[in-house]
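Below is one structure, written out as structure tokens; the observations come after it.
Laid out in structure tokens, this is it:
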């Protein structure tokens, strides 16, 4: 088998694994209801497979440096979310999604120009989320119409993630860890939510979904920071596992807080 054919087959296998992960997560989300579904949906569905395959191809130093680039990109994603949420109240899909994605691309292009430290990345996230979460709060509640899944929903999401994995894996060797870390954090999940739900249920309800994802995205940023530190100290495998554990614990904590708040409201005099 030629080297090129071997690379293509391995790449297709990795794309298929990533796509299968997304399909499984989507099915669990739809069948488990909104509470557990939200926990699954805010896990690193797109970035996770990308980083796993990067870890297979590169050493721990590459992954650690990529995580430093990914951390400020997480801040760019919450700005994308805020841009869409505000515009979606009165604008169509093209304007809302196009503007949000354009904002992310501009911010990501600026981010890749700099060498980021862990402190700087955390500071950018602190500022971005400190501004965006209060602004998103008033958009969190909207009447949610019944959503019926169409046949192309899951294949669309799977193809987006598979494409992202293909780009990250095939270009990482020559673009380096900084650009790979930026590309790996492209918000596939947010994009698919916007594109699929906006024309079906309207802008405000779709915006409410993204607005409620802000706290989960903050936890994802923490997981990236944990990954960087853990990869440096313990290697890629342990670092990736600890990052995933951080996301899970954070989401479970959010779920417990939300459940406790509903319980208090239900039993309030």
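In this note's numbering, the protein residues as written are 348 to 616. Here a beta-carbon is modelled for each residue, glycine too, at the ideal position from N, C-alpha and C. All values derive from a computational prediction rather than experimental measurement.
Problem set entry | Residues near residue 611 by beta carbon distance below 6 Å, same chain, minus five either side | none
Exercise. Start and end of the alpha helix (DSSP H) containing residue 404?
Worked result: That run of the alpha helix (DSSP H) goes 394 to 404.
Problem set entry | residue 418 vs residue 527 beta-carbon contact at 8 Å | no
Problem set entry | CA nearest to the CA of residue 457, picked from 567, 436, 420, 413 | Of the candidates 567, 436, 420, 413, the one whose C-alpha sits nearest the C-alpha of residue 457 is 420.
Exercise. Going by the C-beta, is residue 600 closer than 7 Å to any heavy atom of the ligand NAP?
Worked result: Inclusion of the ligand NAP in the displayed structure is not the case, the ligand content being empty and no account of it being possible.
Problem set entry | Neighbourhood of residue 448 by C-beta distance below 8 Å, restricted to the same chain and skipping five residues each side | 427, 538
Exercise. In terms of residues, what are the limits of the alpha helix (DSSP H) holding residue 434?
Worked result: 407 to 435
Problem set entry | Alpha carbon of residue 411 to alpha carbon of residue 506, nearest angstrom | Going by the C-alpha atoms only, they are around 27 Å apart.
Problem set entry | Close-in-space but distant-in-sequence residues of the same chain around residue 572 (CB under 8 Å, 5 per side omitted) | Around residue 572, the same chain offers 414, 418, 465, 468, 469 as residues with beta carbons nearer than 8 Å, after the five sequence neighbours per side are excluded.
For this session: Look at the alpha carbon of residue 575 and the alpha carbon of residue 409, and state the distance between them as a whole number of angstroms.
Result: Cα-Cα distance, rounded: 10 Å.
Exercise. Along the chain, where does the alpha helix (DSSP H) that runs through residue 439 open and close?
Worked result: For residue 439, there is no enclosing alpha helix (DSSP H), as DSSP marks it with neither H nor E.
Exercise. Any idea if residue 600 is buried or exposed, counting beta-carbon neighbours within 10 angstroms, 16 or more meaning buried?
Worked result: Of the other Cβ atoms in all chains shown, fewer than 16 fall within 10 Å of the Cβ of residue 600; this residue is therefore exposed.
Exercise. Hey, residue 422 and residue 471: beta-carbon distance below 8 Å or not?
Worked result: yes
Exercise. Mapping DSSP to helix, strand and coil, what is residue 534?
Worked result: Looking at residue 534 - three-state DSSP - the assignment turns out to be coil, as it is neither helix nor strand.
For this session: Compute the Euclidean distance between the alpha carbons of residue 545 and residue 552, then round it to the nearest angstrom.
Result: Going by the C-alpha atoms only, they are around 8 Å apart.
Problem set entry | residue 529 versus residue 476 - alpha carbon distance | Distance from the CA of residue 529 to the CA of residue 476, rounded to the nearest whole angstrom, comes to 18 Å.
Exercise. Mind pulling the beta strand (DSSP E) runs of 3 or more residues that sit fully within the segment 559 to 599?
Worked result: As for any beta strand (DSSP E) of minimum length 3 sitting wholly inside the segment 559 to 599, there is none.
For this session: Excluding the 5 residues preceding and the 5 following residue 583 in the sequence, name in chain order all residues of the same chain whose CB lies nearer than 6 Å to its CB.
Result: 402, 407, 410
Exercise. Roughly how many whole angstroms lie between the Cα atoms of residue 534 and residue 595?
Worked result: 19 Å
Exercise. Out of curiosity, what's the CA-to-CA distance linking residue 479 and residue 557?
Worked result: 12 Å
For this session: Determine the burial state of residue 565: buried for a count of at least 16 other Cβ atoms within 10 Å of its Cβ, exposed for fewer.
Result: buried
Exercise. Which class does residue 455 belong to by DSSP, given the choice of helix, strand or coil?
Worked result: helix
Problem set entry | Reduced DSSP category for residue 446 - H, G, I as helix; E, B as strand; rest coil | helix
Exercise. From which residue to which residue does the alpha helix (DSSP H) around residue 476 run?
Worked result: 465 to 483
Exercise. Is the beta carbon of residue 554 sitting closer than 8 Å to the one on residue 432?
Worked result: yes
Exercise. Does the Cβ of residue 567 have 16 or more other Cβ atoms within 10 Å, making it buried, or fewer, making it exposed?
Worked result: buried
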